[in-house]
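So the protein lines, in turn, are chains X and C.
Counting the first sequence from 1 gives a position; our numbering is that position plus 360.
Counting the second sequence from 1 gives a position; our numbering is that position plus 74.
Backbone N, C-alpha and C define an ideal beta-carbon position, used for all residues, glycine too.
Worksheet: one structure, shown below.
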Amino acid sequence: MAEKTVPVPRGPERGKGEREITRARERNLRPPVDIYETPEGLVLMADLPGVAKENLQVHIDNDLLTISGKASHVAAGDTIYREYELANFYRQFELNEEIDREKISAELKHGVLTLRLPKTEKAKPKQIEVRVS
Amino acid sequence: MATWDPWREIDELRREVDRAFEEFGFQTEPAFRAAFLPGRLARGYPLVNVHEDRDHLYVEAMAPGIDPNSLKLTVVHNSLTISGEKKGPPSDVKAESFHREERAAGKFVRSITLPVEIDDQNVKAEFKNGLLLITLPKAEKAKPKQISVQVA
Numbered sequence: 361m362a363e364k365t366v367p368v369p370r371g372p373e374r375g376k377g378e379r380e381i382t383r384a385r386e387r388n389l390r391p392p393v394d395i396y397e398t399p400e401g402l403v404l405m406a407d408l409p410g411v412a413k414e415n416l417q418v419h420i421d422n423d424l425l426t427i428s429g430k431a432s433h434v435a436a437g438d439t440i441y442r443e444y445e446l447a448n449f450y451r452q453f454e455l456n457e458e459i460d461r462e463k464i465s466a467e468l469k470h471g472v473l474t475l476r477l478p479k480t481e482k483a484k485p486k487q488i489e490v491r492v493s
Numbered sequence: 075m076a077t078w079d080p081w082r083e084i085d086e087l088r089r090e091v092d093r094a095f096e097e098f099g100f101q102t103e104p105a106f107r108a109a110f111l112p113g114r115l116a117r118g119y120p121l122v123n124v125h126e127d128r129d130h131l132y133v134e135a136m137a138p139g140i141d142p143n144s145l146k147l148t149v150v151h152n153s154l155t156i157s158g159e160k161k162g163p164p165s166d167v168k169a170e171s172f173h174r175e176e177r178a179a180g181k182f183v184r185s186i187t188l189p190v191e192i193d194d195q196n197v198k199a200e201f202k203n204g205l206l207l208i209t210l211p212k213a214e215k216a217k218p219k220q221i222s223v224q225v226a
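Below is the structure:
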């Protein structure tokens, strides 16, 4: 039996804070993410500072998971010092067939999106009991 | 605003050049892009923007994922210190379970020197969508005053 590799949402491996190439005219940034695996599935955490719940979209089209968010905050007064600019976030991942599309859940808290991507039943690891005869 | 001090100007310039070079070499992209996101390369964390109007200074820090209960703000004269902790993924996740690990996590402290003195009794802070918004009223003596000219 061939060793089965775990499902890795594949994205282009590039530097952080880089813009994702889209046809849209606005500038988009790739949010940094952590993706880790649990026995139940994958967990994806993405930093999306300045994105309100209503401006965040998580979209799944076949195998393509798209996270896009619009960061907005209107600052009072005149800017006297600037280290960052809020921009729109956009990043795509490819899902494999082991992810149960129907059970994906998303939570946005303190500017961090947590996506839970459960595995389908047949992809979950199973313990096989060894009987001594 | 504080009085113009050429030494401070030079110091600011030196710091900006340092910042540009710190990021140079790690990035395949122009260095300024690294300043947009709180990745691991960010040296001064959290990144801040400062705005002002007549009576207030507004300091905004980009701090996604920070536990608001861990945040501590202290103001002494014109210096603001932000400290706190950004929690990473749960600690029981094994290293080999990670497919991507790009977000920074850990404890941080950052001090910012503000251009004017602050009324430290009335500082307000709000944490919204991963942005820390601090409103600092200027001290009475730091506000601009109108002086009427009397005609003798």
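Check	Outcome
Give the DSSP-derived three-state secondary structure of X/I440 in the structure shown.	strand
Closest to C/V150 by CA distance: which of C/S144, C/G118, C/N123, C/D193 is it?	C/D193
Using the three-state DSSP reduction, which class does C/L147 fall into: helix, strand or coil?	strand
Any contact of the segment 82–91 of chain C with the segment 426–433 of chain X, i.e. 3+ C-beta pairs under 8 Å?	no
Below 8 Å on C-beta distance, what does X/Y441 contact in chain C?	V122, N123, V124
Output yes or no for whether 7 Å exceeds the beta carbon distance between C/I140 and C/K168.	no
What is the rounded straight-line gap between the Cα of X/S432 and the Cα of X/T480?	36 Å
Find the residues of chain X that neighbour C/E175, judging by a C-beta separation of less than 7 Å, and give them in chain order.	D394
What did DSSP end up calling X/E481 once you bin it into helix, strand or coil?	helix
Nearest-angstrom Cα distance between C/K212 and X/L416?	36 Å
Note down, in chain order, every chain X residue with its Cβ under 7 Å from the Cβ of C/E134.	A435
Give the secondary structure of C/L87 by DSSP, where H, G and I count as helix, E and B as strand, and everything else as coil.	helix
How long is the line joining the alpha carbons of X/F449 and X/R387, rounded to whole angstroms?	8 Å
Judging by CA-CA distance, which residue of X/I464, X/K482, X/A483 is the nearest neighbour of X/L475?	X/I464
Tell whether a beta-carbon distance below 7 Å holds between X/L389 and X/A447.	yes
Against X/A412, what residues of chain C qualify as contacts under a CB-to-CB distance less than 8 Å, listed in chain order?	N203
Given a cut-off of 7 Å on the beta-carbon distance, is the pair C/L210 and C/V197 in contact?	yes
So, helix, strand or coil for X/E400, using DSSP?	coil
What is the DSSP secondary structure of C/R82, reduced to helix, strand or coil?	helix
In angstroms with no decimal places, state the Cα-to-Cα distance between C/A135 and C/A226.	51 Å
Taking 7 Å as the threshold (beta carbon to beta carbon), is X/P409 in contact with chain C?	yes
If you draw a straight line from the alpha carbon of X/L468 to that of X/L477, how long is it in whole angstroms?	15 Å
Please determine, among X/H470, X/D438, X/N456, X/P392, the residue with the shortest C-alpha to C-alpha distance to X/K413.	X/H470
Decide if C/G180 is buried, meaning its Cβ has at least 16 other Cβ atoms within 10 Å, or exposed.	exposed
Find the residues of chain C that neighbour X/G471, judging by a C-beta separation of less than 8 Å, and give them in chain order.	A137, P138, G139, N203, G204, L205
Is the shortest distance between the beta-carbon of X/R370 and the beta-carbons of chain C less than 7 Å?	Bear in mind that the predicted position of X/R370 carries a pLDDT of just 44, short of 50, making it unreliable; the figure below should be weighed with that in mind. For X/R370, the answer is no, since every Cβ of chain C falls outside 7 Å of its Cβ.
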